[in-house]
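Under full-length UniProt numbering, the residues of the sequence shown are numbered 1 to 237, in order. Just below is one structure, and these are the notes that go with it.
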Amino acid sequence: MDIELALREQLNSAKWATQTLKQHLVQGYTINEQRLKERGIEFNEVLSLLSSTLENQTLINDEGVAVLKVVQEYAKSWSLLQAYDQQSLPKSSLKNQEMNALPYEDVLKAIDQLKKSLVEKGEASELFGQIRSSGLESALATIEQGFGEEYFYPNVASRAAHLLYFIIKNHPFADGNKRTGAFLFLWYLRINQHLLQKPVENLINDNTLVALALLVAESKPEQKELIIRLTEHFINV
């Protein structure tokens, strides 16, 4: 729970944003050129989305602008400059068996507990986690769907990535969609830890999760595939 609570504090921190840019982008920890190249993800798409995210979230100060310029200069010499071709983007062939699901009623109880904890600390309002549509139940059900013996989302990475995307983009809550989406994303990975190559904490740290949540929120509909692949990248390492 500490990770989820820490997540909220970082989401609103301009200082965190610029420091994370330096550490995870300029130094190459978050966006690794070779790994993205192997998965066919167009770096320029990610860079463009990152820039618009920071600008729209009012997370850019003079220091942040300077860092972005450094990243953009790197991009000019990087090999990921070919046009993004969605048709050629490779999909993971990994198929996991016996994946655990998140029961809707358990999710509601967990969100209520998270809300109480945040409200007591003055870090959320009564609107936090308040259901305003069937989006939550739909998201939980959708990632489990398939046809016959074939699942539409055949592995843990795919399901977790889509769950994060669905919660953040479909806004099933009156408030707290990014925080709740990130919370459920981590929870889903943890209940399926037995199918992952590394402990969840070693795959997705707090800073990476915050960055992914912001990128999902700011992404355009036509960038969905890019965002999903990017999120999967951090799980399938």
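From the three backbone atoms N, C-alpha and C, an ideal C-beta is built for every residue, glycine too. If you're wondering where the values come from, they're calculated on a predicted model, not measured in any experiment.
Spatial distance of residue i from residue j (CA atoms)
i           : j      : result
residue 263 : Arg179 : For residue 263 there is no data in the structure shown, the boundaries of the chain being 1 and 237.
Glu150      : Asn96  : 11 Å
Leu195      : Val107 : 21 Å
Tyr165      : Phe128 : 18 Å
Ala101      : Lys121 : 30 Å
Glu145      : Ala160 : Sequence check: residue 145 is Gln here, not Glu. Distance between the alpha carbons of Gln145 and Ala160 is about 13 Å.
Pro103      : Ser52  : 35 Å
Met99       : Phe152 : 13 Å
Asn202      : Ala211 : 16 Å
Thr231      : Ser48  : 16 Å
Ile204      : Ser117 : 23 Å
Lys115      : Leu226 : 31 Å
Asn207      : Glu123 : 19 Å
His233      : Phe147 : 25 Å
Val200      : Lys224 : 23 Å
Nearest-angstrom beta carbon gap, residue j and residue i [assumed within contact, 8 Å]
i           : j      : result
Val216      : Ile143 : Actually they do not touch by this definition, with Cβ atoms about 15 Å apart.
Ala157      : Ile235 : 4 Å
Leu163      : Phe185 : 6 Å
residue 291 : Asn170 : Summary: the structure shown does not reach residue 291, with the chain confined to residues 1 through 237, and so no result is reported for it.
Phe173      : Gln113 : Incorrect: roughly 15 Å between the Cβ atoms, too far for contact.
Gly181      : Ala213 : 6 Å
Cβ-based burial, residue i [other Cβ within 10 Å; buried from 16]
i           : result
residue 242 : Summary: the structure shown does not reach residue 242, with the chain confined to residues 1 through 237, and so no result is reported for it.
Ser125      : exposed
Leu136      : buried
Lys198      : exposed
Asn155      : buried
Ala222      : According to the sequence as given, residue 222 is Glu; it is not Ala. Exposed, because fewer than 16 other Cβ atoms sit within 10 Å of the Cβ of Glu222.
Arg229      : buried
Ser134      : exposed
Glu105      : exposed
Leu209      : buried
Leu94       : exposed
Fill in: 3-residue-minimum beta strand (DSSP E) runs that sit fully inside the UniProt domain "Fido" (102–232), ordered along the chain
Entirely contained in the UniProt domain "Fido" (102–232), not one beta strand (DSSP E) run reaches 3 residues.
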